[in-house]
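I have placed the structure first, in the form of structure tokens, so that the comments after it can refer back to it.
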Amino acid sequence: KALCQGARKAEVVCAPPPVEKEPDFDWALFWKFLRPQLLALTAAVLFALGAALLNVQIPLLLGKMVNVVAQHMRLSEYLRLVREPALRLLSIYGLQGAMTFGYILLLSWIGEKVAGSMRKQLFASLLRQEVAFFDANQTGQLVNRLTADIQEFKSSFKLVISQGLRSITQTVGCFVSLYMISPKLTGLLVVVMPFLVGTGAFLGASLRRLSRKAQEQVAKATAVADEALGNVRTVRAFAMEAKEIQQYSGEVDRASRLNMHLGTGIAFFQGLSNVALNCIVLGTIFVGGSLMAGEEITPGDLMSFLVSSQTVQRSLASISILFGQVLRGMSAGARVFEFMTLPSEAPLYEKEQLACSMLSGRIEFQDVSFSYPTRPDYQVLRDFNLVIPANKTVAIVGHSGGGKSTVAALLERFYEPTEGAIFLDGRDICTLDPNWLRGEIIGFINQEPVLFSTTVLENIRFGRPGASDAEVYAAARLANAEEFIHRFPDGYNTVVGERGVTLSGGQKQRVAIARALIKDPKVLILDEATSALDAESEHVVQEALDRAVAGRTVLVIAHRLSTVKDADLIVVLSKGRVAEAGTHTELLRKGGIYAELIRRQTKDGV
Ligand code: ADP
Numbered sequence: 023k024a025l026c027q028g029a030r031k032a033e034v035v036c037a038p039p040p041v042e043k044e045p046d047f048d049w050a051l052f053w054k055f056l057r058p059q060l061l062a063l064t065a066a067v068l069f070a071l072g073a074a075l076l077n078v079q080i081p082l083l084l085g086k087m088v089n090v091v092a093q094h095m096r097l098s099e100y101l102r103l104v105r106e107p108a109l110r111l112l113s114i115y116g117l118q119g120a121m122t123f124g125y126i127l128l129l130s131w132i133g134e135k136v137a138g139s140m141r142k143q144l145f146a147s148l149l150r151q152e153v154a155f156f157d158a159n160q161t162g163q164l165v166n167r168l169t170a171d172i173q174e175f176k177s178s179f180k181l182v183i184s185q186g187l188r189s190i191t192q193t194v195g196c197f198v199s200l201y202m203i204s205p206k207l208t209g210l211l212v213v214v215m216p217f218l219v220g221t222g223a224f225l226g227a228s229l230r231r232l233s234r235k236a237q238e239q240v241a242k243a244t245a246v247a248d249e250a251l252g253n254v255r256t257v258r259a260f261a262m263e264a265k266e267i268q269q270y271s272g273e274v275d276r277a278s279r280l281n282m283h284l285g286t287g288i289a290f291f292q293g294l295s296n297v298a299l300n301c302i303v304l305g306t307i308f309v310g311g312s313l314m315a316g317e318e319i320t321p322g323d324l325m326s327f328l329v330s331s332q333t334v335q336r337s338l339a340s341i342s343i344l345f346g347q348v349l350r351g352m353s354a355g356a357r358v359f360e361f362m363t364l365p366s367e368a369p370l371y372e373k374e375q376l377a378c379s380m381l382s383g384r385i386e387f388q389d390v391s392f393s394y395p396t397r398p399d400y401q402v403l404r405d406f407n408l409v410i411p412a413n414k415t416v417a418i419v420g421h422s423g424g425g426k427s428t429v430a431a432l433l434e435r436f437y438e439p440t441e442g443a444i445f446l447d448g449r450d451i452c453t454l455d456p457n458w459l460r461g462e463i464i465g466f467i468n469q470e471p472v473l474f475s476t477t478v479l480e481n482i483r484f485g486r487p488g489a490s491d492a493e494v495y496a497a498a499r500l501a502n503a504e505e506f507i508h509r510f511p512d513g514y515n516t517v518v519g520e521r522g523v524t525l526s527g528g529q530k531q532r533v534a535i536a537r538a539l540i541k542d543p544k545v546l547i548l549d550e551a552t553s554a555l556d557a558e559s560e561h562v563v564q565e566a567l568d569r570a571v572a573g574r575t576v577l578v579i580a581h582r583l584s585t586v587k588d589a590d591l592i593v594v595l596s597k598g599r600v601a602e603a604g605t606h607t608e609l610l611r612k613g614g615i616y617a618e619l620i621r622r623q624t625k626d627g628v
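The sequence shown begins at 23 in this note's numbering and counts up by one.
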């Protein structure tokens, strides 16, 4: 018992992490994903380095070609002399192409493998989190980590190896050849280049900042449109079209202005860099020409120098872009890894399963207090005590927000009580295997059943994956669903559409009942199972439910008092405690909260 309490405390303390703080990049975890690809990665790195080193050779060989070309000789002699450098150049081109092919191919394989296994692991660890985790984190953001963040991380990783490695090697290599060709010209370049690259990097960074701002603004405009179009009925009902259009126009105008600023910036940047690059070429030829006049260098050297210096420029520019990309990739990676390392709902100690045939299904809540982890100072249940005898139906009623659904959530072990305990056949449920408890013992039917976008048959089978078709049909019959399913052209193979949109409320509800009944649960929780239905559907659904409760321990959570009159025991929940308990007649006679609720509902004509 003490063990359970300790575990609960620990879970409450470490429950939902604050999302705002930027998490740190987990190198160890990254290495775990990368290690299986080590061989391929080494090959990719070697190929990338090889391609870069060959790129360093190319300007030198071009220079040699030019020296041959510049000699003004007869055609036959020219062909003889030019053959050797030309063939060498050709073979280097070929080799360089092959290596480029190799490392890009390998990197894309490695990228997909690593991203795939990261996706799978993140999805699995998200799905195993406590329900409280999903109270604290928005689904959209979680999906974003699976998609956009992993994508960003993958492309940054690939860029670092391909472009980063290549650019650094090329910069170093070309500088060495530049120095060997002409120390004087190189000296000049060393003075001018950092200034140019620095200006370029500075302008580039501010352009990227502007571009991010513009994108955010476009997203903001999209969000306005999305909200208005998605809720068009509400917009129309309030005749708010003009205001929505005005708001959207405002956001679009702001986005256009930002994008025009960005366009101006890019135009300026491109124009300026064209002038700068051309001036460097001109300057090199100008100064190089004077060195040539002094016979310090050959025309071929000048050519090599020009091409090499262009390679250095390109490499430096791509390194400066890469820098921002690396930072973005690391923070995307950190977001992905953050939720992978969270402890999951895994049992902290050996969990037991009880023999189903021996189970009576008696449930007892003993002095249960509870606050939601996201709202720790608000106590929903306070010393809540309730016994649900085996095979009886107990209904919980009370004001909305009184904690009725919370009682059901605690029984399902979606959350752990802050204090007290819940017993099944005298065993604290926190010592029982939660998968067994939810998978085999407790059936849950809630007011807005969610179906998955597959066939009716598979939706019912979701309740017990091993069930045969015949068992699915039997469950559907029990749930009053057979008749309408047969009326569908595809019968049980009808695909229900995303979230079951193609079924009516009552039909969905009956499929959900069949899904819960197929596991033949000993305990059934009905969370306001009929409150969202019209009178006619309610009738068929209620009929199915009446049949379903026979021989089970049932906890009904109800708003409509009409549905709970026949319960063996009605419990009125008020301020987190049981305020009254008894049968319908007993409670009416008592004239307390229940009698008042009944009186009010009758007055409202419900
Ligand atoms: P009822 O079923 O009686 O209408 P609930 O059990 O749904 O009441 O809710 C009881 C209280 O707990 C309400 O004040 C509600 O706002 C709060 N609550 C319900 N679910 C959550 C949750 N996931 N996180 C935080 N608070 C919650």
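All C-beta atoms in this analysis are idealised placements derived from N, C-alpha and C, irrespective of residue type, glycine included.
Asked, Found
"Pairing CB atoms from the region 420-439 with CB atoms from the region 485-504, are three or more of them under 8 Å?", "no"
"Express the C-alpha separation of Glu-174 and Val-136 in angstroms, rounding to a whole number.", "13 Å"
"Cβ-heavy atom distance between Asp-248 and the ligand ADP below 7 Å?", "no"
"Quick one, which of Ser-204, Phe-224, Arg-188, Glu-602 has its alpha-carbon nearest Gly-85's?", "Ser-204"
"How close, in whole Å, do the beta carbons of Leu-338 and Thr-306 come, if the pair is a contact with beta carbons under 8 Å?", "Incorrect: roughly 16 Å between the Cβ atoms, too far for contact."
"Using a Cβ-Cβ cut-off of 7 Å (strictly less than) and excluding sequence neighbours within five positions of Arg-569, which residues of its own chain qualify?", "Leu-500"
"Terminal residues of the continuous beta strand (DSSP E) containing Phe-406?", "401-410"
"I'd like to check one pair, Leu-595 with Gln-623: are the Cβ atoms closer than 8 Å?", "no"
"Based on the DSSP output, what are the partners of Ala-443 in its beta bridges?", "Gln-388"
"Just the Cα atoms here: how many angstroms apart are Pro-321 and Leu-82?", "12 Å"
"Return yes when the C-beta of Ile-579 is under 7 Å from any heavy atom of the ligand ADP, and no when it is not.", "yes"
"When you compare only the Cα positions, how much space is there between Ala-73 and Gln-143?", "35 Å"
"Answer yes or no: do Phe-484 and Arg-537 have a C-beta to C-beta separation smaller than 8 Å?", "yes"
"Rounded to a whole number of angstroms, what is the C-alpha to C-alpha distance between Leu-370 and Asp-275?", "Confidence at Leu-370 is low in this model, with a pLDDT of 47, below 50, so the placement of that residue should be treated as unreliable; the coordinate-derived value is given next. Spanning the two alpha carbons is a distance of roughly 56 Å."
"With distances taken Cα to Cα, identify the nearest neighbour of Val-90 among Val-78, Gln-79, Leu-76, Ala-108.", "Ala-108"
"Quick check on Leu-591: does DSSP put it in helix, strand or coil?", "strand"
"When you compare only the Cα positions, how much space is there between Lys-530 and Ser-559?", "11 Å"
"What does the alpha-carbon distance come out to for the pair Lys-612 and Arg-574?", "29 Å"
"Ends of the beta strand (DSSP E) at Arg-599?", "599-604"
"According to the Cβ coordinates, are Ala-589 and Glu-550 closer than 8 Å?", "no"
"For Val-20 and Leu-207, I'd like the C-alpha separation in whole angstroms.", "An answer regarding residue 20 cannot be provided, because it is not within the stretch 23 to 628 covered by the chain."
"Quick one: what's Val-571 bridged to in DSSP?", "Partner(s): none; Val-571 has no beta bridge."
"I need the straight-line Cα distance from Lys-587 to His-606, nearest angstrom please.", "6 Å"
"Ala-62 bridges to which residues according to DSSP?", "In the DSSP output, where bridge partners are listed per residue, Ala-62 has none listed."
"Okay, do the region 59-76 and the region 118-125 touch, 3+ Cβ pairs below 8 Å being the bar?", "yes"
"If we ignore side chains and look at the alpha-carbon of each, how far apart do His-421 and Ser-177 end up?", "53 Å"
"What is the DSSP secondary structure of Asn-281, counted as helix, strand or coil?", "helix"
"Between which two residues does the beta strand (DSSP E) carrying Ala-417 extend?", "415-420"
"Please determine whether the Cβ atom of Arg-19 lies at a distance below 7 Å from any heavy atom of the ligand ADP.", "Only positions 23 to 628 of the chain appear in the structure, and residue 19 is not among them; the question remains open."
"Check whether the Cβ of Lys-426 sits closer than 7 Å to any heavy atom of the ligand ADP, and report yes or no.", "yes"
"Under 6 Å Cβ to Cβ from Arg-350, same chain only, skipping five residues before and after it: list those, please.", "none"
"Tell me whether Phe-179 is buried or exposed, calling it buried when 16 or more other Cβ atoms sit within 10 Å of its Cβ.", "buried"
"Closest to Ala-223 by C-alpha separation, out of Leu-211, Ser-342, Phe-291, would be which residue?", "Ser-342"
"Going by Cα to Cα distance, which pick from Ala-572, Gln-375, Ser-331 is closest to Lys-629?", "Outside the modelled stretch of the chain, which goes from 23 to 628, sits residue 629, for which no answer is possible."
"Is the beta carbon of Asp-405 within less than 7 Å of some heavy atom of the ligand ADP?", "no"
"Could you have a look at Leu-548 and say whether DSSP puts it in helix, strand or coil?", "strand"
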